[in-house]
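Q: All residue numbers for the sequence shown refer to our numbering, where the first residue is 1 and numbers rise by one. Backbone N, C-alpha and C fix where the C-beta goes; we use that ideal spot for every residue, glycine too.
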Amino acid sequence: MTRADILIDHADSVATCRGPAPRAGRAQGDIAAIPGASVAAWRGRIVAVGPADEVARSVTLEPDAVVVDARGTTVVPGFVDAHTHVVFAGDRREELTRRLAGATYAEIAAAGGGIVRTVTATREASEAALVEAALPRLADALAQGTTTCEVKSGYGLDTATELKMLRAIRTLAARQPVDLSPTFMGAHEIPVEYRDRRAAYVRLVIDEMLPAVAREGLAEWNDVFCESGVFTPAESRAILDAGKPLGLRPRIHADELALSGGAMTAAAVGAVSADHLIHVDEAGATALADAGVVATLLPAAAFFLKLGRYAPARLLIGRGVPVALATDMNPGGGFSPSMPFVIALAAFGMGMTLEEALVAATVNGAAALRRSHDIGSLEDGKLLDCVLIDGTLADLARIGAPVVAGVVKRGRLVAGRLGSSRV
Ligand code: NIG
Ligand code: FE
Numbered sequence: 001m002t003r004a005d006i007l008i009d010h011a012d013s014v015a016t017c018r019g020p021a022p023r024a025g026r027a028q029g030d031i032a033a034i035p036g037a038s039v040a041a042w043r044g045r046i047v048a049v050g051p052a053d054e055v056a057r058s059v060t061l062e063p064d065a066v067v068v069d070a071r072g073t074t075v076v077p078g079f080v081d082a083h084t085h086v087v088f089a090g091d092r093r094e095e096l097t098r099r100l101a102g103a104t105y106a107e108i109a110a111a112g113g114g115i116v117r118t119v120t121a122t123r124e125a126s127e128a129a130l131v132e133a134a135l136p137r138l139a140d141a142l143a144q145g146t147t148t149c150e151v152k153s154g155y156g157l158d159t160a161t162e163l164k165m166l167r168a169i170r171t172l173a174a175r176q177p178v179d180l181s182p183t184f185m186g187a188h189e190i191p192v193e194y195r196d197r198r199a200a201y202v203r204l205v206i207d208e209m210l211p212a213v214a215r216e217g218l219a220e221w222n223d224v225f226c227e228s229g230v231f232t233p234a235e236s237r238a239i240l241d242a243g244k245p246l247g248l249r250p251r252i253h254a255d256e257l258a259l260s261g262g263a264m265t266a267a268a269v270g271a272v273s274a275d276h277l278i279h280v281d282e283a284g285a286t287a288l289a290d291a292g293v294v295a296t297l298l299p300a301a302a303f304f305l306k307l308g309r310y311a312p313a314r315l316l317i318g319r320g321v322p323v324a325l326a327t328d329m330n331p332g333g334g335f336s337p338s339m340p341f342v343i344a345l346a347a348f349g350m351g352m353t354l355e356e357a358l359v360a361a362t363v364n365g366a367a368a369l370r371r372s373h374d375i376g377s378l379e380d381g382k383l384l385d386c387v388l389i390d391g392t393l394a395d396l397a398r399i400g401a402p403v404v405a406g407v408v409k410r411g412r413l414v415a416g417r418l419g420s421s422r423v
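#1: Helix, strand or coil for glutamate 132? Go by DSSP, reduced to three states.
#2: Tell me, to the nearest whole angstrom, how far the beta carbon of cysteine 149 is from that of leucine 180; I am working on the premise that it is less than 8 Å.
#3: Are there any heavy atoms of the ligand NIG lying less than 6 Å away from the beta-carbon of isoleucine 239, as far as the coordinates show?
#4: Quick one: does the C-beta of aspartate 255 sit closer than 6 Å to a heavy atom of the ligand FE?
#5: I'd like to know whether the C-beta atoms of alanine 89 and alanine 139 end up nearer to each other than 7 Å.
#6: I want to check one thing, is the minimum distance from the CB of aspartate 328 to the heavy atoms of the ligand FE below 6 Å?
#7: Could you have a look at serine 236 and say whether DSSP puts it in helix, strand or coil?
#8: Sorted by chain position, which residues of the same chain lie with C-beta nearer than 8 Å to proline 20's C-beta, five sequence neighbours on each side aside?
#9: Contact between the segment 309-322 and the segment 285-301: three or more CB pairs below 8 Å?
#10: Apart from the five residues just before and just after threonine 362, which ones in its own chain have a Cβ nearer than 7 Å to its Cβ?
#11: Does the ligand NIG have even one heavy atom less than 6 Å from the beta-carbon of isoleucine 115?
#12: Quick one: is the Cβ of threonine 97 within less than 6 Å of any heavy atom of the ligand NIG?
#13: For arginine 92, name the three-state secondary structure that DSSP assigns.
#14: If you measure between the beta carbons of alanine 134 and leucine 172, is that distance less than 7 Å?
#15: Compute the minimum distance between the beta carbon of threonine 296 and the heavy atoms of the ligand NIG, and state whether it is under 6 Å.
#16: Considering only DSSP beta bridges, list what arginine 3 is partnered with.
#17: By alpha-carbon positions, which one of Ile31, Val66, Val230 ends up nearest to valine 414?
#18: Within this structure, are the beta carbons of aspartate 385 and threonine 60 separated by less than 7 Å?
#19: How should glutamate 256 be labelled, buried or exposed, when 16 other C-beta atoms within 10 angstroms of its C-beta is the threshold for buried?
#20: For alanine 360, which residues of its own chain have a beta-carbon under 6 Å away from its beta-carbon, when the five flanking residues on both sides are left out?
#21: Do you know whose CA, among Arg237, Ala128, Arg137, lies nearest phenylalanine 335's CA?
#22: Where do the ends of the alpha helix (DSSP H) carrying valine 119 lie?
#23: Touching or not, the segment 216-233 and the segment 182-190, by the rule of three or more beta carbon pairs under 8 Å?
#24: For methionine 185, which three-state DSSP category applies?
#25: Please find out if some non-hydrogen atom of the ligand NIG comes closer than 6 Å to the beta-carbon of threonine 74.
#26: Beta-carbon within less than 6 Å of glycine 349's beta-carbon, same chain only, minus the 5 sequence neighbours each way: which residues are those?
#27: So is isoleucine 278 buried or exposed if we call it buried at 16+ other beta carbons inside 10 Å?
#28: For aspartate 5, count the other beta carbons within 10 Å of its own beta carbon; 16 or more makes it buried, fewer makes it exposed. Which is it?
#29: Please state whether DSSP places glycine 391 in a helix, a strand or coil.
#30: Are the beta-carbon atoms of glutamine 144 and proline 402 separated by less than 7 Å?
#31: Quick check on DSSP: helix, strand or coil for valine 55?
#32: Figure out for me which residue from Leu7, Glu107, Asp69 has the closest Cα to the Cα of proline 63.
#33: Should proline 35 go down as buried or exposed, given a rule of 16 or more other Cβ atoms within 10 Å for buried?
#34: Please look up how many angstroms separate the CB atoms of aspartate 9 and alanine 52, rounded, as I've assumed it's under 8 Å.
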């Protein structure tokens with residue numbers, strides 16, 4: 001017998017998503033579901049998952065254990081949102097209106113909107129203000145089932161503000177339940193004051209920012225916006241290579257607005273994840289597959305930016321690239337904190353099955369953050385991070401209906417209407 005202090009009891013189905021990570025090709029849709037199942041954990045880690053009667057026989061509940069009646073629900077691993085810009089100051093909601101009136105991302109940026117607008121506001125904000133502004137956004141994500149979230153800097157574009165953002169992320173990690181994976185993104189845009197001397201900005205990122213971030217141990221990742229008009233493949237490669245000896249592993253914004261060499265650069269530097277990929281071609285997909293890069297797709301960004309197309313998920317899956325999904329929460333084109341919305345867009349916009357989208361939002365998101373040892377699936381020894389969905393997987397697509405009935409983080413029920421009873 002094993003001790004347990006929480007039991008998620010008798011779900012209609014538990015989509016364990018157990019097995020190898022990341023998953024590619026045909027395995028992308030393997031959710032390893034068990035009907036009529038329970039999950040038990042002790043001190044945040046799973047000790048049993050399987051048919052309800054087997055789990056009941058194999059665990060002894062502690063005197064004050066929490067029991068969640070999961071009948072009528074489908075239990076899935078907590079969502080891993082592997083790409084967000086959730087820390088920022090200021091407000092760009094009026095850009096939505098301009099986009100609805102027909103303005104493009106490039107036109108809005110050229111008119112002083114976009115990233116540089118958020119940079120101005122973020123430079124002026126205190127670290128405490130950044131934390132306070134991000135807390136409700138993370139709470140919204142948690143309520144939608146996100147239990148781990150990557151968060152980028154990149155609205156500072158000077159050393160002091162980049163460090164301020166990363167310190168805010170560190171504070172946020174300690175102040176609310178969602179686990180955070182911090183990314184340095186000094187190469188999010190060329191700041192206005194460096195527009196006519198971009199090489200000097202690349203040097204600043206490499207010579208000053210990266211070492212300062214590494215010295216304080218503020219980030220796990222180093223990300224670059226590799227895109228026509230932003231950072232070239234050569235600049236991106238120099239910045240990503242420079243982070244490696246400092247322990248900052250590469251990830252990249254690739255081929256979002258045009259085919260810009262992003263996927264090829266990701267493969268060449270051995271990026272852990274290449275993100276967006278709306279314009280990736282067959283050669284790029286093959287290169288990603290060969291290099292073992294996870295493709296993190298952000299269909300909500302394509303939706304809110306009105307790009308008129310989504311990343312070619314079927315091409316990527318067909319070529320054997322593991323696909324992950326994320327929200328891209330940000331003040332411009334990342335308007336929704338909802339992984340269920342992203343899953344629905346993946347299914348109805350990109351031709352993925354709901355099972356493939358679930359693996360993308362859990363197992364493969366965890367792999368995109370190199371956290372598969374701890375999260376992404378419901379199996380013995382991993383954290384009990386899970387979401388109880390009213391009904392079936394398909395109910396995730398009932399956008400706007402309160403289908404997320406419960407969210408469990410590290411073995412604690414932290415969101416959702418589902419009450420629990422004490423033993
Ligand atoms: O992932 N592509 C670059 N960065 C963000 C947008 C950030 C912003 O508009 O503030 C993205 O889409
Ligand atoms: Fe982004």
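A: Walking through what the data contain:
#1: Three-state result, glutamate 132: helix.
#2: That pair is a contact at about 6 Å.
#3: False, no ligand heavy atom lies under 6 Å from that Cβ.
#4: Not so, every heavy atom of the ligand FE lies at least 6 Å from the Cβ.
#5: No, they are not a contact pair.
#6: Relative to the ligand FE, aspartate 328 has its C-beta within less than 6 Å of a heavy atom.
#7: Here DSSP, grouped into helix, strand and coil, assigns serine 236 to helix.
#8: Counting only Cβ-Cβ distances below 8 Å, and skipping sequence neighbours, we find Ala27.
#9: Because the criterion of three Cβ pairs below 8 Å is met, the segment 309-322 and the segment 285-301 touch.
#10: Only Cys17, Val76, Pro77, Phe79, Val80, Gly376, Ser377 meet the Cβ criterion.
#11: The answer is yes for isoleucine 115.
#12: Not a single heavy atom of the ligand NIG lies less than 6 Å from the C-beta of threonine 97.
#13: Three-state DSSP puts arginine 92 in coil, outside helix and strand.
#14: With respect to leucine 172, alanine 134 sits close: the two C-beta atoms are nearer than 7 Å.
#15: Shortest gap from the CB of threonine 296 to any heavy atom of the ligand NIG: 6 Å or more.
#16: Partner residues in the beta bridge of arginine 3, as assigned by DSSP, are Thr60.
#17: Residue Val66 is the option with its Cα nearest to valine 414.
#18: Cβ distance not < 7 Å, so aspartate 385 and threonine 60 don't count as in contact.
#19: Residue burial annotation: glutamate 256 is buried, with at least 16 other C-beta atoms found within 10 angstroms of its C-beta.
#20: Answer for alanine 360: Val323, Ala324, Leu325, listed in chain order.
#21: The residue with the shortest Cα to Cα distance from phenylalanine 335 is Arg137.
#22: Segment 115-124, the alpha helix (DSSP H) holding valine 119.
#23: Between the segment 216-233 and the segment 182-190, the count of Cβ pairs shorter than 8 Å is three or higher; the stretches touch.
#24: Looking at methionine 185 - three-state DSSP - the assignment turns out to be strand.
#25: No, the Cβ of threonine 74 stays beyond 6 Å of every heavy atom of the ligand NIG.
#26: Closer than 6 Å at Cβ, skipping near neighbours: Pro299, Tyr310.
#27: Counting Cβ neighbours within 10 Å, isoleucine 278 comes out buried, since at least 16 surround it.
#28: Buried is the call here.
#29: If DSSP states are grouped into helix, strand and coil, glycine 391 belongs with coil.
#30: In terms of Cβ geometry, glutamine 144 and proline 402 do not form a close pair [threshold 7 Å].
#31: The answer is helix: DSSP assigns valine 55 an H, G or I state.
#32: Minimum Cα distance to proline 63 is reached at Leu7.
#33: That one is exposed.
#34: Sure, about 7 Å apart at Cβ, within 8 Å.
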